Amino acid sequence: MNPLLRYIQGYPQHILEPVTQMIESGRFTTWFEKRYPANHDIKSEKALFEYTMAIKNRYMKKTAPLSKVIYDSKIHLINNALGLHTYVAKVHGGKIKSKNEIRIASVFKNAPEPLLRMLVVHELAHIKEKEHDKAFYQLCCHMEPDYHQLELDARLFMIYQEINKKK
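Number 43 in UniProt numbering belongs to position 43 of the sequence shown; there are no gaps in the numbering.
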């Protein structure tokens, strides 16, 4: 199996086959660039926080606040994750203080905006739904109707990144 396909392992054959053919024929990069011709301009962590808060305030006003949203260069090394949501609760003077943080893999600093949005939506959904269950994916699709397609495309973006790294 082509090592690039590790990002989409578990997807059905009717998805794996055309991707494999495009990679082997050298057409994958051109196809991806045609599908996503431009990258977002959300480069700073302040801009990422504001972007995330706009989505949160639109769909999840009543959930716990976010204390931090950052790009994290270490994420890609941890379990091939693309983003992480962390929740920390500390007892402070008899009160429980909680912090929700979202970390997005730095590779998505230079990605198409729909893929960044999908990752932000995914991590925001974890504030309310901890497990990847039906309720979690329903919430993701509520915030981003094309969620499942964009999740696949984010994985295809990882393949795109690796192909272009080799050039």
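Backbone N, C-alpha and C define an ideal beta-carbon position, used for all residues, glycine too.
All values derive from a computational prediction rather than experimental measurement.
Compute the beta-carbon to beta-carbon distance between residue i and residue j, rounded to the nearest angstrom, for a pair I have assumed lies under 8 Å.
| i | j | result |
| --- | --- | --- |
| residue 149 | residue 107 | Residue 149 to residue 107, Cβ: 19 Å. No contact. |
| residue 51 | residue 120 | 7 Å |
| residue 25 | residue 64 | Not a contact, Cβ separation roughly 48 Å. |
| residue 135 | residue 129 | 5 Å |
| residue 157 | residue 115 | 6 Å |
| residue 163 | residue 49 | In fact, because the Cβ distance is near 31 Å, the residues do not count as touching under 8 Å. |
Judging by CA-CA distance, which residue of the options is the nearest neighbour of residue i?
| i | options | result |
| --- | --- | --- |
| residue 59 | 127, 12, 75 | 127 |
| residue 74 | 103, 20, 29 | 103 |
| residue 20 | 36, 34, 3 | 3 |
| residue 155 | 131, 133, 112 | 112 |
| residue 118 | 133, 137, 101 | 137 |
| residue 105 | 45, 17, 53 | 45 |
| residue 53 | 151, 165, 101 | 101 |
Kindly list the residues whose CB is nearer than 8 Å to the CB of residue i, restricted to its own chain and excluding five residues on each side of it in sequence; keep chain order.
| i | result |
| --- | --- |
| residue 141 | 147, 148 |
| residue 55 | 117, 120, 121, 124, 143 |
| residue 151 | 118, 122 |
Excluding the 5 residues preceding and the 5 following residue i in the sequence, name in chain order all residues of the same chain whose CB lies nearer than 7 Å to its CB.
| i | result |
| --- | --- |
| residue 78 | At residue 78, the pLDDT of 43 sits below 50, so the modelled position is not reliable; the number obtained from the coordinates is stated separately. Hits under 7 Å: none found. |
| residue 109 | 43, 71 |
| residue 14 | none |
| residue 153 | 115 |
| residue 132 | none |
| residue 39 | 110, 111, 112 |
Closer than 6 Å by C-beta to residue i: which residues in its own chain qualify, once you throw out the five before and the five after it? Chain order, please.
| i | result |
| --- | --- |
| residue 11 | none |
| residue 61 | none |
| residue 5 | none |
| residue 32 | 160 |
contact_flag[the stretch 110–124, the stretch 53–72] where n(CB pairs < 8 Å) is 3 or more | yes
Any alpha helix (DSSP H) of 4 or more consecutive residues that is wholly inside the stretch 9–38 = 13–25, 28–35
Taking the runs of the beta strand (DSSP E) that are 3 residues or longer, which of them lie wholly in the UniProt domain "YgjP-like metallopeptidase" (94–150)?
-> 95–105
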